[in-house]
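>
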Amino acid sequence: MAAIKKAPACLDLCVTADDFEAAAKETLSEKSWVYASSSASSGLSHQSNLDDWSRINFRPRIMKKVNTLDTSRDVLGKKSKLPFFITAMGTLGSAHPGAEPALVTGATRKGINAVISTATSKSPETIMEAHLSEQKKVNNRSPTRLDFQLYVPTDRTKAKTLIQRIKVAGYHSLWITVDSSTQGKRTADRYLQAQEKLDEGGIEVVREAAAENDFGPAFGGRPTAGYLHPGLTWEDIAWISEEWGGPIVLKGIQSVEDVKLAVQYGVQGVLLSNHGGRQIHSAPSALMTLLEIRSYYPEAFDKLEVFVDGGLRDGADVLKALCLGATAVGVGRPYFYALAAYGTDGVEKCTEILTEELEICMKMLGVSSLDQLHPGLINASRLLNEMWRPDSFGPSSLKAKL
Ligand SMILES: Cc1cc2nc3c(=O)[nH]c(=O)nc-3n(C[C@H](O)[C@H](O)[C@H](O)COP(=O)(O)O)c2cc1C
Numbered sequence: 031m032a033a034i035k036k037a038p039a040c041l042d043l044c045v046t047a048d049d050f051e052a053a054a055k056e057t058l059s060e061k062s063w064v065y066a067s068s069s070a071s072s073g074l075s076h077q078s079n080l081d082d083w084s085r086i087n088f089r090p091r092i093m094k095k096v097n098t099l100d101t102s103r104d105v106l107g108k109k110s111k112l113p114f115f116i117t118a119m120g121t122l123g124s125a126h127p128g129a130e131p132a133l134v135t136g137a138t139r140k141g142i143n144a145v146i147s148t149a150t151s152k153s154p155e156t157i158m159e160a161h162l163s164e165q166k167k168v169n170n171r172s173p174t175r176l177d178f179q180l181y182v183p184t185d186r187t188k189a190k191t192l193i194q195r196i197k198v199a200g201y202h203s204l205w206i207t208v209d210s211s212t213q214g215k216r217t218a219d220r221y222l223q224a225q226e227k228l229d230e231g232g233i234e235v236v237r238e239a240a241a242e243n244d245f246g247p248a249f250g251g252r253p254t255a256g257y258l259h260p261g262l263t264w265e266d267i268a269w270i271s272e273e274w275g276g277p278i279v280l281k282g283i284q285s286v287e288d289v290k291l292a293v294q295y296g297v298q299g300v301l302l303s304n305h306g307g308r309q310i311h312s313a314p315s316a317l318m319t320l321l322e323i324r325s326y327y328p329e330a331f332d333k334l335e336v337f338v339d340g341g342l343r344d345g346a347d348v349l350k351a352l353c354l355g356a357t358a359v360g361v362g363r364p365y366f367y368a369l370a371a372y373g374t375d376g377v378e379k380c381t382e383i384l385t386e387e388l389e390i391c392m393k394m395l396g397v398s399s400l401d402q403l404h405p406g407l408i409n410a411s412r413l414l415n416e417m418w419r420p421d422s423f424g425p426s427s428l429k430a431k432l
């Protein structure tokens with residue numbers, strides 16, 4: 031599936047998470063590159079994810095004792111070694127022949143958590159086996175655990191079967207994607223589809239499905255019928271919760287009103303995310319949504335765990351999100367690209383890079399453990415100036431009902 035164009039540069043030359051992107055571009059087939067790098071419409075939602083991290087500055091404190099550092103975090107009832115995780119990405123077989131098993135092997139070696147997509151190239155059981163086999167090699171000492179991202183199938187019987195499979199396989203928590211009532215308009219993919227059709231003399235090119243995963247949509251992120259659920263509502267959380275019986279996180283929350291509802295409906299976490307800019311055009315960046323919650327509903331942080339993903343490319347930025355109250359931050363494309371160019375070694379190196387950046391920044395910010403972070407350590411004025419306000423359009427906009 032992932033036809034290699036050219037061998038990537040030596041792994042030692044990768045010193046930032048962004049370096050994996052360049053290496054992957056050299057390596058991946060055009061199809062796979064478009065799948066990973068594309069975003070919705072003009073790319074605005076993806077770009078604001080990338081930009082907004084740099085619009086918050088630190089306010090470092092000096093001469094604090096930072097000889098030893100604790101980067102661990104309690105996440106959904108379990109100790110996590112790091113405050114960042116690999117977020118859900120489908121069809122990793124398009125990145126590397128080792129696919130998800132190669133990713134979780136690297137994750138387990140480095141002790142980082144990973145959320146496994148519904149749309150994987152390999153089955154959820156095969157992926158869990160790869161994790162457990164690596165665990166065995168390190169005498170079960172890796173703190174890594176696997177969570178599962180759920181695209182709720184429209185057929186409820188099918189959905190229940192999938193949830194039961196995931197439970198039996200041993201996944202820790204269920205991350206329900208709630209921003210996908212349909213698929214975003216992936217512009218680069220549309221161009222590719224049109225070109226493929228032209229090349230085939232007007233015949234639609236059907237991409238190969240993920241052969242080893244009955245629940246995997248077709249390669250390239252083009253969904254198969256029945257996997258994006260336009261009828262999903264808050265009421266569905268009750269039966270999913272009953273079926274699952276473990277921690278639930280809603281992935282793709284983009285407003286403070288919906289965080290309030292998530293609290294009311296009793297889920298354990300929300301992942302603030304615009305799907306890496308791949309779904310709605312002109313979405314808020316995840317960081318902007320986080321600011322909204324910090325400003326208008328700070329009680330949320332005591333009621334559930336708040337996660338963020340989108341555009342994070344530097345370990346230091348994890349600290350910005352944590353200062354605002356996030357529990358942990360998800361990283362997507364850098365891991366896709368690292369896996370694509372270097373397989374398991376790339377996944378390990380990407381984790382090392384982000385961890386080192388996080389540790390350097392903790393020291394210079396003057397914190398020795400993550401529970402010392404607070405909003406006073408950052409200046410978010412630039413983003414706050416642009417943040418949504420309940421009274422932006424006068425009294426009528428208060429109908430937003432915070
Ligand atoms: C190649 C790729 C595949 C993705 N597949 C899924 C998926 O199957 N399910 C899902 O909920 N989100 C999916 N996402 C969105 C990610 O979970 C995440 O929200 C996003 O990638 C974070 O932004 P970043 O890539 O800039 O770090 C995918 C993103 C990419 C780049």
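Residue numbers for the sequence shown, in our numbering: 31 to 432. The beta-carbon is built from N, C-alpha and C at its ideal position, and this holds for glycine as well.
#1: Quick check on W264: does DSSP put it in helix, strand or coil?
#2: With burial defined as no fewer than 16 other Cβ atoms inside 10 Å of the residue's Cβ, what is the status of R412: buried or exposed?
#3: Take M417 and list the residues in its own chain whose beta-carbon comes closer than 8 Å to its own, dropping the five residues that flank it on each side.
#4: K281 bridges to which residues according to DSSP?
#5: Rounded to whole angstroms, what is the Cα-Cα separation between L80 and G296?
#6: Measuring only the C-alpha atoms, how far is P405 from F88?
#7: Based on DSSP bridge pairs, tell me the residues matched to Q179.
#8: Express the C-alpha separation of L400 and D100 in angstroms, rounding to a whole number.
#9: For the segment 148 to 160 against the segment 117 to 127, are there 3 or more C-beta pairs whose distance is under 8 Å?
#10: Can you check DSSP and say which residues form a bridge with A464?
#11: Decide if W83 is buried, meaning its Cβ has at least 16 other Cβ atoms within 10 Å, or exposed.
#12: How should A70 be labelled, buried or exposed, when 16 other C-beta atoms within 10 angstroms of its C-beta is the threshold for buried?
#13: Tell me whether the segment 341 to 358 and the segment 101 to 116 touch, counting them as touching only if at least three CB pairs, one residue from each stretch, are closer than 8 Å.
#14: Under the rule that 16 or more other beta-carbon atoms within 10 Å means buried, what is F50, buried or exposed?
#15: Quick one: is Q179 buried, meaning 16 or more other Cβ sit within 10 Å of its Cβ, or exposed?
#16: Would you say P90 and G355 are within 8 Å of each other, going by their C-beta atoms?
#17: Let me check you understand the geometry: is the CB of M119 closer than 7 Å to at least one non-hydrogen atom of ligand 1?
#18: Going by the CB atoms, is the gap between L176 and S211 shorter than 8 Å?
#19: Indicate whether L204 and G276 have their beta-carbon atoms separated by less than 8 Å.
#20: Excluding the five sequence neighbours on either side, which residues of its own chain have a C-beta within less than 6 Å of the C-beta of S75, listed in chain order?
#21: Helix, strand or coil for A39, going by three-state DSSP, please let me know.
#22: Starting from V105, follow the alpha helix (DSSP H) in both directions and report where the run begins and ends.
#23: If you measure from the CB of K281, is any heavy atom of ligand 1 nearer than 7 Å?
#24: Helix, strand or coil for V168? Go by DSSP, reduced to three states.
#25: Just grab the DSSP bridge partners of V361 for me.
#26: Can you grab the Cα-Cα spacing for the pair Q402 / Q213, in whole Å?
#27: With L262 and V293 assumed to form a contact (beta carbons below 8 Å), what rounded beta-carbon distance in angstroms separates them?
#28: Per DSSP, what kind of secondary structure is A54 in: helix, strand or coil?
#29: Quick check: V182 and I157, are their CB atoms within less than 8 Å of each other?
#30: Which residues does DSSP list as the beta-bridge partners of A70?
#31: Would the beta-carbon of R186 be found less than 7 Å away from any heavy atom of ligand 3?
#32: Roughly how many angstroms lie between the CA atoms of L43 and S102, to the nearest whole one?
#33: Indicate the three-state DSSP secondary structure (helix, strand or coil) for A239 in the structure shown.
#34: With distances taken from CA atoms, which of I142, S285 and T184 is nearest P260?
#35: In angstroms with no decimal places, state the Cα-to-Cα distance between L384 and Y365.
#36: Name, in chain order, the residues that DSSP records as bridge partners for K108.
Quick look at the numbers:
#1: coil
#2: exposed
#3: M318, L321, E322 and S325
#4: T207 and L301
#5: 31 Å
#6: 10 Å
#7: W205
#8: 7 Å
#9: yes
#10: No information on residue 464 is available, as it lies outside the stretch 31 to 432 that the chain covers here.
#11: buried
#12: buried
#13: yes
#14: buried
#15: buried
#16: no
#17: yes
#18: no
#19: yes
#20: N304, G307 and A313
#21: coil
#22: Per DSSP, V105 belongs to no alpha helix (DSSP H); it is in the beta strand (DSSP E), R103 to V105.
#23: yes
#24: coil
#25: I116
#26: 40 Å
#27: L262 to V293, Cβ: 19 Å. No contact.
#28: helix
#29: no
#30: R216
#31: No copy of ligand 3 appears in this structure; the ligands present are ligand 1.
#32: 28 Å
#33: Note that A239 has pLDDT 47, beneath the 50 cutoff, so the model's placement of it is unreliable and the number below is only indicative. A239: coil per DSSP, three-state reduction.
#34: T184
#35: 11 Å
#36: V105
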